[in-house]
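Novice:
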Amino acid sequence: MTGLASTTFILVINSGSSSVKFSLFGGHLFSDELLSGLAERLGTPEAVLTWQASAGKQRESLDGGDHSAALSAIAKRLEADYGAPFAIGHRVVHGGEAFTESVLIDAGVIAGIEACASLAPLHNPPALLGIRALQSLYPQVPQVAVFDTAFHQTLAPEAFLYAVPKDWYTNLGVRRYGFHGTSHRYVAGEAVQRLALDPNDHGVISAHLGNGCSATAVKNGRAVDTTMGLTPLEGLVMGTRSGDVDPGLHAYLADRLGWSLAQINDALNRQSGLLGLSGLSNDMRTLIEAADAGNADAELAIDVFCFRLARKIGGLAMSLSRLDALVFTGGIGENAAPIRSRVLAHLGVLGFECDEAANLKPGEHVRITRADSTAALVIPTREEFMIAQDTQRLTQR
Ligand code: ADP
268 MTGLASTTFI
278 LVINSGSSSV
288 KFSLFGGHLF
298 SDELLSGLAE
308 RLGTPEAVLT
318 WQASAGKQRE
328 SLDGGDHSAA
338 LSAIAKRLEA
348 DYGAPFAIGH
358 RVVHGGEAFT
368 ESVLIDAGVI
378 AGIEACASLA
388 PLHNPPALLG
398 IRALQSLYPQ
408 VPQVAVFDTA
418 FHQTLAPEAF
428 LYAVPKDWYT
438 NLGVRRYGFH
448 GTSHRYVAGE
458 AVQRLALDPN
468 DHGVISAHLG
478 NGCSATAVKN
488 GRAVDTTMGL
498 TPLEGLVMGT
508 RSGDVDPGLH
518 AYLADRLGWS
528 LAQINDALNR
538 QSGLLGLSGL
548 SNDMRTLIEA
558 ADAGNADAEL
568 AIDVFCFRLA
578 RKIGGLAMSL
588 SRLDALVFTG
598 GIGENAAPIR
608 SRVLAHLGVL
618 GFECDEAANL
628 KPGEHVRITR
638 ADSTAALVIP
648 TREEFMIAQD
658 TQRLTQR
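Residues in the sequence shown are numbered consecutively from 268, following our numbering.
1. Mind listing which residues have their beta carbon within less than 6 Å of any non-hydrogen atom of the ligand ADP? Chain order is fine.
2. My output table needs one value for L316: the three-state DSSP class, helix, strand or coil.
3. Give me the Cα-Cα distance between A314 and L516, rounded to the nearest whole angstrom.
4. Between the C-alpha atoms of L547 and D511, what's the straight-line distance to the nearest angstrom?
5. Does any residue of chain B bring its CB to less than 8 Å from the CB of V408?
6. In three-state terms, what does DSSP make of F572?
7. How would you call M495, buried or exposed, if buried means at least 16 neighbouring beta carbons within 10 angstroms?
8. Mark M585 as exposed unless 16 or more other C-beta atoms lie within 10 angstroms of its C-beta, in which case mark it buried.
9. Below 8 Å between beta carbons: does that hold for I599 and G356?
10. Measuring only the C-alpha atoms, how far is S385 from S527?
11. Please state if the CB of L316 and the CB of A340 are separated by a distance shorter than 8 Å.
12. What did DSSP end up calling F595 once you bin it into helix, strand or coil?
13. Would you report the Cα separation of G488 and H451, rounded to the nearest angstrom?
14. Can you give me the C-alpha to C-alpha distance between Y453 and I635, rounded to a whole angstrom?
15. Within 10 Å of its beta-carbon, does G270 have 16 or more other beta-carbons around it, so buried, or fewer, so exposed?
16. Take L428 and list the residues in its own chain whose beta-carbon comes closer than 8 Å to its own, dropping the five residues that flank it on each side.
17. What are the partner residues of H475, as DSSP defines its beta bridges?
18. Quick check on T493: does DSSP put it in helix, strand or coil?
19. Quickly, what does DSSP pair H357 with across the bridge? List them, please.
20. Would you mind reading off the limits of the alpha helix (DSSP H) that contains I652?
21. What is the DSSP secondary structure of L301, counted as helix, strand or coil?
22. Should the stretch 417 to 424 be regarded as contacting the stretch 389 to 409, the criterion being three or more beta carbon pairs within less than 8 Å?
23. Considering only residues of the same chain and omitting the five flanking positions on each side of I646, which have a CB-CB separation below 7 Å?
24. Thinking L627 and A604 are a contact (beta carbons under 8 Å), I'd like their distance in whole angstroms, please.
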């Protein structure tokens, strides 16, 4: 071990189906990100671990390694420079109705995450692999689970129920859960602080626009409505996901094309959204460039994306008693000025007027609307930081 070994740090883990992202937080109140990295293409001969440290980017082949091999390699790397973690925080996508906030992991929590796996079959199992691998590597180190769904558990039944036979909810868990909760919680909280809003009397709408997109209405610090539902397919137009469609579409496609439900589900998740409409790309930056160069389908995809987002924001506003701010975050929300400008142009009825100069360079000022407009802000999301903060809070002795 080097001289850095006495540093105390929190390790944040985000396990996907074939990848593990990790970051280290240390310093005052564990708020500084010391290091981050990614193990990807797990289970294939190309499996590789890359990490970004102050010395620059580093790379190590994992040669067919799985989640457990990746986490062992990460632990070995960390041991060399930092020692063992003080605590470990895991992102877990689905906490169902069992988890309304972040929790210290024990056998009951593991069973609870397993029980939610049927609601998130691609996401919860890899999170469990990560938890178990780190439990065996560091049996004495406390671990915390932070759920994407937890922040939305404050939704009232009128906002989370679908109008379908009630026993689908009671027997099968069919309801709206919402996702990206850690991001919405962070940016809405930041908006309240930056605008010095009354903690007990405010209304904020956060729009997390990345490859997946969702928006959430937050009233007095609690989520009251959100655009994603039973799965992350509902709601806004996304990179490759359709967002809302007529539920009758499935029967229509099955009838006209003879497609199976699995084919239809796959097409709505992977071939739709910005990619499906443009026929070009799921990547907003590519579409903006193509639209600027005269590509009509790229322009159309952007138009639909912006209009549908504005329409959802209008709907979310109905769950608030006042609207103090709209927050843009995620790769598109943080970087795509033309998208923010178009969305705000649709929202004049809610009192928004874009300050085009500020929108081009939100920088430190974050506010992108005129002084007499309802506030719209750009706030970079910090999901890993939030996981580290929850982990610190729950493990502090
Ligand atoms: P993920 O949801 O996978 O974390 P991100 O939050 O990184 O994704 O968002 C990815 C999206 O952000 C992509 O559509 C990408 O094109 C878009 N994006 C990133 N930078 C820019 C930019 N400068 N201009 C427009 N879009 C951008």
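Heads up, the beta-carbon is just placed ideally off N, CA and C, and yes, glycines get one too. All figures in this text were calculated on a predicted structure; none of them were measured in a lab.
Specialist: To lay it out plainly:
1. G477, N478, G479, G506, D550, M551, R552, I555, G597, G598, I599, N602 and A603
2. strand
3. 39 Å
4. 21 Å
5. As a matter of chain content, chain B is missing from the structure shown, which is built from one protein chain.
6. helix
7. buried
8. exposed
9. no
10. 20 Å
11. yes
12. strand
13. Here the alpha carbon of G488 sits roughly 10 Å from the alpha carbon of H451.
14. 19 Å
15. Note that G270 scores 40 on pLDDT, short of 50, meaning its location in the model is unreliable; the coordinates nonetheless yield the value given after this. Burial state of G270 is exposed, judged by a 10 Å Cβ sphere holding fewer than 16 other Cβ atoms.
16. Y436, R442 and R443
17. S481 and T596
18. Assignment of T493 by DSSP, reduced to helix, strand and coil, places it in the strand class.
19. I280 and A412
20. It is worth fixing the name first, because residue 652 is Phe in this sequence and not Ile. E650 to T662 is the span of the alpha helix (DSSP H), which, as asked, contains F652.
21. Strand.
22. no
23. V454, E457, A458, V594, T596 and V633
24. That belief holds up - the Cβ atoms of L627 and A604 are roughly 5 Å apart, short of 8 Å.
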